[in-house]
Amino acid sequence: MNSSQWPREFPGAHWYNEEEENAVLNVIRRGTPFRHYGLNTPEYVASFEKAACEFYDVKYALGVNSGTGALITAITALGMGPGCEVILPSFMWVATVTAIVNANAIPVICEIDDSFTMDPVDLEKKITPRTKLILVVHMAGVPCQMDAIMNIANRHGIKVLEDVAQCNGGLFQGKKLGTFGDVGMFSLQLNKNMTTGEGGLVVTDNDLMYERLQTAHDTGYIWKDGSPVLPSPESLGWGSGRRMSELIGAVASVQIKKMPSIIEHMRGSYNRIKDFLRSNISDLEFRTLNDPAGHTGPFMIIRLKNEDQAKKAARYMKENGLPSIARLADYGLHIYYNIAQLVNKTPLSPSGNPWNLEKNKNSFYNYGKGACPYSDELFSKSIVIPIPSKLTVEQEKDAADVITKAVLKSRD
Ligand SMILES: Cc1ncc(COP(=O)(O)O)c(C=O)c1O
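The sequence shown begins at 845 in my numbering and counts up one residue at a time.
This is the structure:
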């Protein structure tokens, strides 16, 4: 197999056709790029939000400009600030931690388990009287153990934000991810299960939270009949200009309808490649799926016996037609100790915040390699393999052959 045969990942983009094209053209032709007014009546962001309420089975959905924007909006609406500790897993994306620091709160990194999502046992150990939020990340297509995590959160009276950027459309025990905690957030960036290039979404069932999400993502006011109006005193705040445009809403309202098919295709490819590999190498270890019916399939993670084998296998795969695979330790800003601004505690401003704030003085944590030893071990010997969203069975078999050879050769 050569790399030209292996498609790039970017799940939603492979499914673009004239439906997305017509929706965007409609916005241009009608002169309605802004969601609240225009030369004609705008319709797409509102219709995307309505479709999202139905898809996730939630009371409220709010389109925003990006996943990072969704995280910052949610963290503001949840009231995080100085004196608050937010627990998040060691395997995430830099934006997840950015949103915490941006609120002048302190990130606390928690171990992952063999599912490569937050380890509930370590989560409970990391709770202090200052813990105000658990930020779970349904990472790389796999749901977290939401029963155990919600049980811990409820026992300690701690709020939960779900980062579903990498598992949009996934389920845990039949319930859509993003609907277990106080707020769920999604990214619509290019690498995600549905995509608008850039874009994001927040969902909640709580009336006040929805109002707070609206003010936080916008001007501090909410919109009624084409104008900003004063919200309740609990929601009045400082907005952040993160509204979704109608052009994005147009693509999103088409993609959300396609997402079930996109996921079904990816999950099918994932499961078949896994079956091929299992029959080729009986002792190959795969990540735990937490809920095999609820994973979405965009990334397979395999665990080699040690770091040396993982490096050799990764090199072989890269050189033999799977260019976008990575050993997790080298997987950039997804790994806590690779995030330079976190390790260095780079302040938000020259005055040194949030690390030097009086209210944060009891929250002293290290973020360098070694802070989460179990995760470090997993990162060093595991490989992530993206699963594109429109593979043929031939391509699946070819990929399984390359992975099999890579693993067997690494053992020589
Ligand atoms: C886990 C996770 N959270 C948040 C984000 C941020 O999303 P965006 O790139 O849309 O800002 C991403 C996306 O890259 C992500 O992978």
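Ideal Cβ positions, reconstructed from N, Cα and C, are used throughout, including at glycine.
If you measure from the CB of residue i, is any heavy atom of ligand 1 nearer than 6 Å?
i, result
"S1031", "yes"
"G911", "yes"
"A939", "yes"
"D1007", "yes"
"Q1010", "yes"
"V1187", "no"
"V981", "yes"
Classify residue i as helix, strand or coil using the three-state DSSP reduction.
i, result
"G1112", "helix"
"F1227", "Per the sequence presented here, residue 1227 reads as Ile, with Phe not at that position. Looking at I1227 - three-state DSSP - the assignment turns out to be strand."
"M1029", "strand"
"S847", "Confidence in S847 is poor, its pLDDT being 49 and thus under 50, which makes the residue's placement too unreliable to answer from."
"T1059", "helix"
"A890", "helix"
"L1005", "strand"
"E1240", "helix"
"V986", "coil"
"L1166", "coil"
"R1159", "helix"
"E1129", "strand"
"A999", "Before going on, a small fix: residue 999 reads as Arg here, not Ala. Here R999 sits in helix by DSSP."
"R1122", "helix"
"G1196", "coil"
"G911", "helix"
"G1093", "helix"
"G882", "coil"
"G1043", "coil"
"S1207", "coil"
"G856", "helix"
On the DSSP bridge assignment, give the partners of residue i in chain order.
i, result
"Y904", "T1048"
"K1020", "L1015"
"P933", "C954"
"S1081", "The question names Ser, but residue 1081 in the sequence shown is Gly. Answer is none; G1081 lacks a bridge partner."
"R1171", "I1227"
"R1087", "V908"
"I1179", "F935"
Just curious, the beta strand (DSSP E) that residue i is in, first and last residue?
i, result
"S1071", "1071-1073"
"A871", "In the sequence under discussion, the amino acid at residue 871 is Val, which differs from the Ala named in the question. From DSSP, V871 is part of no beta strand (DSSP E) but of the alpha helix (DSSP H) over 862-874."
"I1066", "1066-1068"
"N1144", "Looking at the sequence itself, residue 1144 is Met, so the reference to Asn does not match. That run of the beta strand (DSSP E) goes 1143-1147."
"I978", "975-981"
Would you give the residue range spanned by the alpha helix (DSSP H) that residue i belongs to?
i, result
"P951", "Note, P951: premise wrong, no alpha helix (DSSP H); beta strand (DSSP E) at 950-954."
"P964", "964-970"
"Q1185", "1184-1187"
"L1333", "The structure shown does not extend to residue 1333, since the chain spans only 845 to 1256, so no value can be given for it."
"A943", "938-946"
Hey, is residue i's beta-carbon within less than 7 Å of any beta-carbon in chain C?
i, result
"A997", "Structure shown: chain C not included; a single protein chain is present."
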